[in-house]
Ligand SMILES: Cc1ncc(COP(=O)(O)O)c(C=O)c1O
Ligand SMILES: Cc1ncc(COP(=O)(O)O)c(C=O)c1O
């Protein structure tokens, strides 16, 4: 099985636009947008733009149909049982906050929510706000030394008050994949629900939420080759139906009087106001495009690059890998400390080599504390990444040591 | 001063794309996107796409600079004292909910929020949710017979517990402009803050929040010739600084530990997660474009069309205007009942004439009840509207009477 | 088949408003809203065993919704829950452009031109959905 | 003027870490974070009248931030609040590409190459912002 990353690159407008040398290794922060997604967005805004689900004229019908087709595309991508289980949000953060607000409203003081110490701030701080507001108890799954979530500790942590386990599907720092079957089994044993933060998972291929057996799944369009400003919350039908609305406005109501209002069923209940219509349509195109990719070949390609990167890093003086040392059960996201050099200095030197790398606390301060660092350098590999990108990074890191010490 | 609406239309990609006859009279639901806004969005996604405010490589610096320049454009458009007073949201509904959540969190049971019976659901239902959650008292400003907000009733309604007056700047049903000076004077007298819902106001030209003297201002990009999926909350510096965050995640924090988190200052405090970067950049381009338009000439053009429409409507049998009968102190939004015919039937017949009109409860059920109708037909006029559009509507309405009765 | 949605037959049915009003002693009552357009049907049902004995409705809606409610009220009495489910399914298929032949109730064909207007399908189907819910709820209370 | 950000002088200043540590009896203390990158300066100040008598800091940050803190700690003692405000303003102007001539402290010129990298301006300015806040807060407690 062969896969041509260079051919794939040509489908991404940005790579044609940025002059060489340019080695984009920050897809975990935002992936580049695929041409089909951008085209779909532009086509929508310039030929079919109208508000959705309200107008009866042809343009509005076409806009509504396109928006609902994007919902169907998201359902296919996640293998959701029904398109009505897809809620469009403005991003993964908004989706996670929606669950924190809505599921949180169904909880009592003393009920427990479990997260891990490896969460992105977007799946941590919303739960802290909930805790501080309501007296819900927030508990933290510990981590193994290499940063993996110690899901084996879960059964002992759960109690009859455990209501929700909210974990990242794939760490944005280490790329480690969470052992979802273990989590779901433990959750089922106490009747808790499971929310997965799929923000980092989705750019590496379609997901099967039914096979995973979870209850909620959140992700962002801009991290899976789609437009910015749109995201998805999937919720199992009955799980979504049990949630009250958090954000209110046009399009999510039944009867409205000054005294009281009743609410539309999901997904509309959770889509107050005009949604990001064209961005959702672009996301639908990105997800359909992804669904047609040769994922086994892409994973082999990404794996080869990950091995090349890990080998190269191992040869650098003072390099400390944060996260698993092997390539198994992870996506190709690699964070590391380089001889104690500050990540911003390292990334600045890399930039001279045309290497785009992210450095800092990576929105995961508890995990940084676990590794006892203030910040890290992170390289992330996507299907359009090439061996040249990895080699440029390795050369740049060697130069950074020279320049900075 | 002459203004050429036909020339202006050529700057909007949609008008070239949709075959004639096409008479778009639903700009109050969503305006069409200006070419400069769409181009700016596309240019951003295809040449400068990176996450903002985190990366140090050149692409990320360019993305951040473009995003912050969009913030500056919004500040110029609103005449805000500082770009730091501009919070990007996913739309007007999100902005209004943000105030309801954040300002709401500073209120005690028994504190009062005042809205009117003419509000769009997006500036009504969030306050109902707040009331039901916290015991804040929600009071309703009454309306004059023609649907105008009876701001003269405000001083008598206010008490020392009145904390916020949240009103539409321009009605999405009648186009009536709220008497803001009266509201601000009354609010100042009791120390209440004022929030204006500017969703319908912004497509008719720049706003001066400092001259208005209000504290918060909300609007959506898709209603002012910008992309969908982005909106703005402006807040006076000290008013914003006094608000806690509602939505949490990456990019809005200081130090994060499992036990506690501290928050960045505004506007970042209110922009959790990856914002709609390219859409904001597109919105900035739309606002800059608007700032350069000959507004007095455009208002004269809109006024002439409004007069033409009102005259034509007056000649139709069984037509009942909902809202002021004159063209003064309003923007060109006109809602009406046609001989008791159901708006969806009317709009369906209009569609055959290529006329795009919105019919229904217009997300303003309390106002519909005030007018004692279940729904209404709404025609809205924008700078690109022509006399032909208005004439096609009038001919279509005559036909609708014939077809439907 | 005419492509005019607003055929004389539709207008006449809406005008006739068969079954308009409420029942004194319904075995089931359902109120259903079309959240997107605000149309509302309040439907009362009196069933005897598996048969609809009486049906009445208050319908606030467009011509299509009112015509559908009127047609339903004219046809339903004396029919079984199964027959009504078949009519509902046939109407849905008709709107989706895949009509069953022959239609269980020939008059359903007046809605064929609505096929092209997806945003209006809900208007036509609302009374049928209300009836299905009413039958379901009277099942439960039997 | 070299365009290399990481000049020897920067590295040496960061390495030297002038003023590293805490004061036993500060008249003001300020902790300031760069929310966007997580750099942090904790700055202690002992002023006598209008003059900075002593300054110490704990800085967790990049080379630029550490060099700036070190330079500040070397230069500040004995200077007045006004002189420090002038140095702060001069550094800001330098980064914005509009340098005051002559610079109040010649050594500030080592930061000129940072001009081109907007995301790093905050790193250089963080210690100066912390000092300004510390001076402001000791004013208030005077
Ligand atoms: C694991 C994880 N969760 C959540 C998020 C938040 O996504 P967004 O910023 O698109 O809302 C991110 C992105 O940084 C992430 O990596
Ligand atoms: C007066 C008014 N307020 C708020 C809104 C909500 O705007 P959006 O749907 O863009 O969030 C609208 C749009 O319909 C409106 O007309």
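Residue numbers (my numbering), protein chains in the order written: chain A, 37 to 441; chain B, 37 to 441; chain C, 45 to 186; chain D, 45 to 186.
Heads up, the beta-carbon is just placed ideally off N, CA and C, and yes, glycines get one too.
Note that the structure is a prediction, hence the values are computed from the model and not measured.
Cβ-based burial, residue i [other Cβ within 10 Å; buried from 16]
| i | result |
| --- | --- |
| residue 38 of chain B | exposed |
| residue 338 of chain A | buried |
| residue 134 of chain D | buried |
| residue 89 of chain D | buried |
| residue 54 of chain C | buried |
| residue 49 of chain A | buried |
| residue 110 of chain D | buried |
| residue 239 of chain B | buried |
| residue 69 of chain D | exposed |
| residue 304 of chain A | buried |
| residue 42 of chain B | exposed |
| residue 401 of chain B | buried |
| residue 46 of chain C | Summary for residue 46 of chain C: the model assigns pLDDT 48, below 50, so the residue's position carries little reliability; its value from the coordinates is reported in the next sentence. Residue 46 of chain C should be labelled exposed. |
| residue 408 of chain B | exposed |
| residue 55 of chain B | exposed |
| residue 52 of chain B | exposed |
| residue 293 of chain B | exposed |
C-beta contact flag for residue i and residue j at 8 Å
| i | j | result |
| --- | --- | --- |
| residue 428 of chain A | residue 379 of chain A | no |
| residue 74 of chain B | residue 78 of chain A | yes |
| residue 170 of chain B | residue 143 of chain B | yes |
| residue 112 of chain B | residue 99 of chain B | no |
| residue 122 of chain B | residue 116 of chain B | yes |
| residue 178 of chain C | residue 85 of chain C | no |
| residue 114 of chain D | residue 62 of chain D | yes |
| residue 213 of chain B | residue 366 of chain B | yes |
| residue 261 of chain B | residue 69 of chain B | yes |
| residue 168 of chain C | residue 107 of chain C | no |
| residue 368 of chain B | residue 211 of chain B | yes |
From the options, residue whose alpha carbon lies closest to that of residue i
| i | options | result |
| --- | --- | --- |
| residue 31 of chain A | C:54, C:62, C:71, C:78 | Because chain A spans 37 through 441 in this model, residue 31 of chain A falls outside it and cannot be assessed. |
| residue 185 of chain A | A:175, A:384, A:203 | A:203 |
| residue 163 of chain A | B:227, B:228, B:295 | B:295 |
| residue 72 of chain B | B:205, B:354, B:117, B:328 | B:328 |
| residue 256 of chain A | A:235, A:123, A:250 | A:235 |
| residue 157 of chain A | B:419, B:369, B:291, B:326 | B:291 |
| residue 92 of chain D | D:157, D:122, D:111, D:127 | D:122 |
| residue 90 of chain B | A:438, A:393, A:97 | A:393 |
| residue 432 of chain B | B:395, B:405, B:385, B:424 | B:385 |
| residue 395 of chain B | C:72, C:112, C:105 | C:105 |
| residue 151 of chain D | D:95, D:181, D:138, D:94 | D:138 |
| residue 228 of chain A | A:251, A:331, A:243 | A:251 |
| residue 219 of chain A | A:165, A:436, A:177 | A:177 |
| residue 268 of chain A | A:119, A:97, A:382 | A:119 |
| residue 370 of chain B | B:387, B:381, B:225, B:350 | B:350 |
- prompt: Can you list, in chain order, the stretches of the alpha helix (DSSP H) that have 4 or more residues and sit fully within the region 90–135 of chain D?
  reply: Fully enclosed alpha helix (DSSP H) runs of 4 or longer: 107–119.
Within 7 Å of chain B by C-beta, residues of the region 57–76 of chain D in sequence order: So the list is empty, because no residue satisfies the distance condition.
field: Where the region 378–401 of chain A meets chain D: residues whose CB sits under 7 Å from a CB there
entry: Listed in chain order, the positions of the region 378–401 of chain A with a beta carbon within less than 7 Å of a beta carbon of chain D are 378, 380, 381, 384, 396, 397.
query: Along the region 409–440 of chain B, what residues have a CB closer than 8 Å to any CB found in chain C?
result: Listed in sequence order: 410, 411, 439, 440.
- prompt: Taking a cut of 7 Å between CB atoms, which residues from the region 61–79 of chain B lie near chain E?
  reply: Absent here is chain E; the protein component of the structure consists of chains A, B, C and D.
message: Closer than 9 Å between beta carbons: that is the criterion. Which residues of the region 105–129 of chain D meet it against chain A?
response: Closer than 9 Å at the C-beta level to chain A, one finds these residues of the region 105–129 of chain D: 105, 106, 107, 108, 109, 110.
message: List, from N- to C-terminal side, the alpha helix (DSSP H) runs of 4 residues or more that fit wholly inside the region 51–137 of chain B.
response: Counting whole runs of 4 or more residues, the region 51–137 of chain B contains the alpha helix (DSSP H) stretches 71–83, 94–114.
query: Taking any Cβ of chain A, which residues in the region 229–258 of chain B have a Cβ under 9 Å from it, in chain order?
result: Flagged, chain order: 256, 258.
message: As an exercise, report each continuous beta strand (DSSP E) stretch of at least 3 residues that is fully enclosed by the region 330–358 of chain B, in chain order.
response: Every unbroken stretch of the beta strand (DSSP E) spanning 3 or more residues and falling wholly within the region 330–358 of chain B is given here in chain order: 355–358.
query: Listed from N- to C-terminal order along the chain, which residues in the region 288–301 of chain B have their beta-carbon within a distance smaller than 9 Å of any beta-carbon of chain D?
result: From the region 288–301 of chain B, only 288, 289, 290, 291, 298, 299, 300, 301 have a Cβ closer than 9 Å to chain D.
- prompt: According to a CB-to-CB cut-off of less than 8 Å, which residues of the region 155–173 of chain D neighbour chain B?
  reply: Residues 161, 162, 163, 164.
- request: Jot down the residue ranges of each uninterrupted alpha helix (DSSP H) in the region 242–301 of chain A, minimum 4 residues, whole runs only, in chain order.
  value: Scanning the region 242–301 of chain A from its first residue to its last, the whole alpha helix (DSSP H) runs of 4-plus residues come out as 245–248, 273–277.
task: Note down, in chain order, all residues in the region 154–182 of chain A with a beta-carbon under 9 Å from any beta-carbon belonging to chain B.
output: Taking a C-beta cut-off of 9 Å against chain B, the contacting residues of the region 154–182 of chain A are 156, 157, 158, 159, 160, 161, 162, 163, 164, 165, 168, 169, 174, 176, listed in chain order.
query: Just by C-beta distance, which residues in the region 82–103 of chain B are closer than 8 Å to chain D?
result: So the close ones are 89, 90, 91, 92, 96, 97, 100, 101.
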